[in-house]
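For reference, the structure discussed in these notes is given below.
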Amino acid sequence: MQLPTQLPRGMGSFLKSCTCVRQNRCRHPYVIRYRDATGRQREETGYSTQQSALDRLTKVYEEKRSTPRATADLKREIGQQRLGAYASSWLARQRHYAPGSIRSVKQVLHGQVLPVLESRRVNTFTSTVVEDFIMSMEERSVGLAAQQNAFDTLKKIVLDAHRRGGLPQNPFEGVVPPEYVPRKITIPTLDEVHSIKAVASDELRVIIDLMSGCGLRNGEAFAANTDRMVSDDVYRVTEQIEGKTRQQARLKHRKAGEFRETPMPRTVRKSLLRFMNEKGTDDDGYLLRTQRSAHWAHTTLGYQWSAAKKRAGITHRLTAYSLRHFFASNCLANGIPITDVADWMGHKNINMTFRIYRHLMPASIGRAAKVLNQGL
0 MQLPTQLPRG MGSFLKSCTC VRQNRCRHPY VIRYRDATGR QREETGYSTQ
50 QSALDRLTKV YEEKRSTPRA TADLKREIGQ QRLGAYASSW LARQRHYAPG
100 SIRSVKQVLH GQVLPVLESR RVNTFTSTVV EDFIMSMEER SVGLAAQQNA
150 FDTLKKIVLD AHRRGGLPQN PFEGVVPPEY VPRKITIPTL DEVHSIKAVA
200 SDELRVIIDL MSGCGLRNGE AFAANTDRMV SDDVYRVTEQ IEGKTRQQAR
250 LKHRKAGEFR ETPMPRTVRK SLLRFMNEKG TDDDGYLLRT QRSAHWAHTT
300 LGYQWSAAKK RAGITHRLTA YSLRHFFASN CLANGIPITD VADWMGHKNI
350 NMTFRIYRHL MPASIGRAAK VLNQGL
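First residue of the sequence shown? That's 0 in numbering that gives the first Met the number 0, and the numbers climb one at a time after it.
Structure follows, in structure tokens:
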């Protein structure tokens with residue numbers, strides 16, 4: 000092994016780790032060693048010439064010298080935090096998360112991530128650490144869906160620390176994440192939707208109409224409100240009712256005060272107006288309530304949905320959330336662009352919509368060939 004080439008103090012060094020006799024002519028890459036702005040020893044390889052290694056060291060040195068002392072101290076402080084403490088501060092900064100999302104993240108952290116990595120310092124994360132974490136979940140026979148959730152949560156936290164300078168390299172680069180293939184979604188037929196509505200309570204019918212006709216989530220449908228009918232064919236989704244606490248909350252993937260709008264078919268409009276005329280609303284225009292609470296909850300929906308499905312004679316797996324799948328299927332089968340469907344359903348990005356509903360799109364290679372042929 001060639002001894003490191005010494006450079007000015009604080010700049011680092013470069014060397015070749017091979018055993019070749021004439022290292023100045025061999026093709027093995029140079030390795031550089033230096034201390035980053037946090038004071039941590041770093042090593043990089045892959046530099047084909049002395050000049051390229053020197054250029055990299057010079058760049059790192061200049062960046063380190065130009066970094067204010069306070070900034071360097073902050074980066075060092077972040078890097079030396081334990082993951083458990085950093086995860087708590089990170090979650091507190093996610094002000095856009097709805098209460099349900101915060102609860103889900105905490106469950107993933109305390110169930111999968113922190114039991115393994117809580118005491119590890121942030122600046123010690125490498126790709127090997129991440130891969131060992133994935134292997135530990137496999138050894139504990141953690142389900143693939145739970146593995147993916149844990150991986151995604153850890154990635155968000157550690158990359159946040161990376162962005163803030165707590166660790167200079169991305170430890171997830173090159174790591175193959177757990178691959179979870181969701182089960183094929185169950186889409187109710189129109190006859191099944193009608194049969195459940197026929198035996199459902201008046202309140203449940205409102206839920207069914209908003210979810211199957213407008214694509215609302217459960218909690219968004221709990222907040223059914225006549226004031227949200229901003230025109231004859233548009234329903235504005237402004238909030239959700241948190242399914243466990245029965246409290247009003249901002250929309251998923253939205254900041255407080257943000258909203259989205261979705262098409263409102265005539266059948267949905269008539270359903271809401273009929274319920275308002277027969278049952279009335281509260282002072283703020285909300286339609287759905289129970290005898291003991293001002294709003295519905297997941298337990299209310301679960302009980303009423305199961306009872307109505309049983310009365311309708313439906314025995315196969317069909318959840319209330321399947322009504323959102325019905326909405327997406329209805330849109331895509333009628334040629335509505337998937338970009339619009341993603342926006343109306345409130346997905347964070349179109350990749351989620353595409354991954355779940357791609358097989359429902361009417362286009363195919365065979366159909367495309369026929370269409371293209373007509374233009375030739």
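Think of the CB as a built atom: it goes at the ideal place given N, C-alpha and C, for glycine as much as any other residue. Computed from a prediction, not measured in an experiment: that's the story for all the values here.
### Task
May I ask which residues mark the beginning and end of the alpha helix (DSSP H) holding F132?
For the purposes of this step, residue 132 is taken as residue 133 along the sequence shown, with counting starting at 1. Per DSSP, F132 belongs to the alpha helix (DSSP H) from S126 to E138.
### Query
Can you list, in chain order, the stretches of the beta strand (DSSP E) that have 3 or more residues and sit fully within the stretch 219-300?
228-230, 233-236 and 259-262
### Message
Could you compute how far the alpha carbon of Y234 sits from the alpha carbon of V115?
### Response
Taking the first residue of the sequence shown as 1, we reach residue 234 at position 235. Taking the first residue of the sequence shown as 1, we reach residue 115 at position 116. If you take the alpha carbons of Y234 and V115, they lie about 46 Å apart.
#### Entry: Contact set for G11: own chain, Cβ-Cβ below 8 Å, skip 5 residues either direction
As a first step, residue 11 is located in the sequence shown; it is residue number 12 there, counting from the start. If we look at G11 and ignore the five residues flanking it on each side, its Cβ neighbours are I31, R32, Y33, R34, L56, V59 and Y60.
### Query
Is there contact between the stretch 139-151 and the stretch 101-112, where contact requires at least three CB pairs shorter than 8 Å?
yes
#### Entry: Supposed contact pair L203 and A223 - C-beta distance, whole angstroms, cut 8 Å
Position 224 of the sequence shown, counting from 1, holds the residue named residue 223. Position 204 of the sequence shown, counting from 1, holds the residue named residue 203. That pair is no contact at about 11 Å.
### Message
On the criterion of 16 or more Cβ atoms from any shown chain inside 10 Å, does C213 qualify as buried, or is it exposed?
### Response
For this step, residue 213 is matched to residue 214 along the sequence shown. By the 10 Å Cβ count, C213 comes out buried.
### Message
Beta-carbon within less than 6 Å of G9's beta-carbon, same chain only, minus the 5 sequence neighbours each way: which residues are those?
### Response
Numbered from 1 along the sequence shown, position 10 holds the residue referred to as residue 9. Excluding sequence neighbours, G9 sits near nothing in its chain.
### Task
Report buried or exposed for G242, applying the criterion of at least 16 other Cβ atoms within 10 angstroms of its Cβ.
As a working mapping, residue 242 is identified with position 243 in the sequence shown. So G242 ends up on the buried side.
#### Entry: In DSSP terms, what Y46 is bridged to
Residue mapping note: residue 46 aligns to position 47 of the sequence shown, counting from 1. Paired residue(s): Y29.
### Message
In whole angstroms, give me the CA-to-CA distance for E257 and E42.
### Response
On the sequence shown, position 258 is the one that residue 257 refers to. On the sequence shown, position 43 is the one that residue 42 refers to. Rounded to the nearest angstrom, the two C-alpha atoms are 46 Å apart.
### Task
Indicate the three-state DSSP secondary structure (helix, strand or coil) for S12 in the structure shown.
Taking the sequence shown and counting its residues from 1, one reaches residue 12 at position 13. Residue state, collapsed to three classes: strand.
### Message
Just verifying my parser: in three-state terms, what is the DSSP assignment at Q40?
### Response
Within the sequence shown, numbered from 1, the residue matching residue 40 stands at position 41. It is a strand residue.
#### Entry: Contact set for W343: own chain, Cβ-Cβ below 6 Å, skip 5 residues either direction
The residue you call residue 343 lines up with position 344 of the sequence shown. So the list reads G214 and T261, once near-sequence residues are dropped.
### Query
Which residues in the same chain have their Cβ closer than 6 Å to the Cβ of I77, if we skip the five residues on either side of it in sequence?
The residue labelled residue 77 in the question sits at position 78 within the sequence shown. Counting only Cβ-Cβ distances below 6 Å, and skipping sequence neighbours, we find A160, R163 and G165.
### Query
What three-state label does DSSP hand R55 in the structure shown?
On the sequence shown, position 56 is the one that residue 55 refers to. R55: helix per DSSP, three-state reduction.
### Query
Among A332, V20, G312 and Y46, which has the Cα closest to the Cα of H193?
As a working mapping, residue 193 is identified with position 194 in the sequence shown. The candidate whose alpha carbon is nearest that of H193 is G312.
### Task
Classify H315 as buried or exposed, calling it buried when 16 or more other Cβ atoms lie within 10 Å of its own Cβ.
Position 316 of the sequence shown holds residue 315. Classification for H315: exposed.
### Query
Taking DSSP as the reference, what is the three-state secondary structure of R162?
Within the sequence shown, the letter at position 163 stands for residue 162. R162 falls in the helix class under three-state DSSP.
### Task
Please classify V229: is it buried, with 16 or more other beta-carbons within 10 angstroms of its beta-carbon, or exposed?
Counted from its first residue, the sequence shown places residue 229 at position 230. By the 10 Å Cβ count, V229 comes out exposed.
### Task
Just the C-alpha distance for N333 and L359, rounded to the nearest angstrom, thanks.
On the sequence shown, residue 333 is found 334 positions in, with the first residue counted as 1. On the sequence shown, residue 359 is found 360 positions in, with the first residue counted as 1. Taking the straight line from one Cα to the other gives about 10 Å.
### Query
Straight-line CA distance for T127 to A319?
The residue given as residue 127 occupies position 128 in the sequence shown. The residue given as residue 319 occupies position 320 in the sequence shown. Cα-Cα distance, rounded: 42 Å.
### Message
Let me make sure I understand the geometry here. Which of R259, E219 and R253 has the alpha-carbon closest to that of Q246?
### Response
Within the sequence shown, numbered from 1, the residue matching residue 246 stands at position 247. Ranking R259, E219 and R253 by Cα distance to Q246 puts E219 first.
### Task
With distances taken Cα to Cα, identify the nearest neighbour of K154 among V141, P176, G142 and S135.
Within the sequence shown, the letter at position 155 stands for residue 154. Checking every option, the nearest Cα to that of K154 belongs to P176.
### Task
Using the Cα positions of D232 and S211, report the straight-line distance between them to the nearest angstrom.
Taking the first residue of the sequence shown as position 1, residue 232 is located at position 233. Taking the first residue of the sequence shown as position 1, residue 211 is located at position 212. Spanning the two alpha carbons is a distance of roughly 15 Å.
#### Entry: Burial state of V157 (16 or more Cβ within 10 Å)
Residue 157 sits at position 158 when you count from the first residue of the sequence shown. Per the 10 Å Cβ criterion, buried.
### Task
Would you kindly check if the distance between the Cβ of P98 and the Cβ of T244 is under 8 Å?
In the sequence shown, counting from the first residue as 1, residue 244 sits at position 245. In the sequence shown, counting from the first residue as 1, residue 98 sits at position 99. Taking 8 Å as the Cβ cut-off, T244 and P98 qualify as a contacting pair.
### Query
Would you report the Cα separation of D151 and I195, rounded to the nearest angstrom?
In the sequence shown, counting from the first residue as 1, residue 151 sits at position 152. In the sequence shown, counting from the first residue as 1, residue 195 sits at position 196. C-alpha separation (whole angstroms): 37 Å.
### Query
What's the call for L2, buried or exposed, on a 16-neighbour Cβ count within 10 Å?
In the sequence shown, the residue the question calls residue 2 occupies position 3. Caution is warranted here: a pLDDT of 48 is assigned to L2, below 50, making its placement in the model unreliable, and the coordinate value is therefore given only provisionally. With fewer than 16 Cβ atoms within 10 Å of its Cβ, L2 is classed as exposed.
### Message
Our contact map puts T353 next to H294 with C-beta atoms below 8 Å; I'd like the distance itself, whole angstroms only.
### Response
Working through the sequence shown from its first residue, we reach residue 353 at position 354. Working through the sequence shown from its first residue, we reach residue 294 at position 295. The sequence given here has Phe at residue 353, not Thr. So it is not a contact: roughly 33 Å between Cβ atoms.
### Message
If you measure between the beta carbons of T289 and T280, is that distance less than 8 Å?
### Response
As a working note, residue 289 is residue 290 in the sequence shown. As a working note, residue 280 is residue 281 in the sequence shown. No, the Cβ-Cβ distance between T289 and T280 is not below 8 Å.
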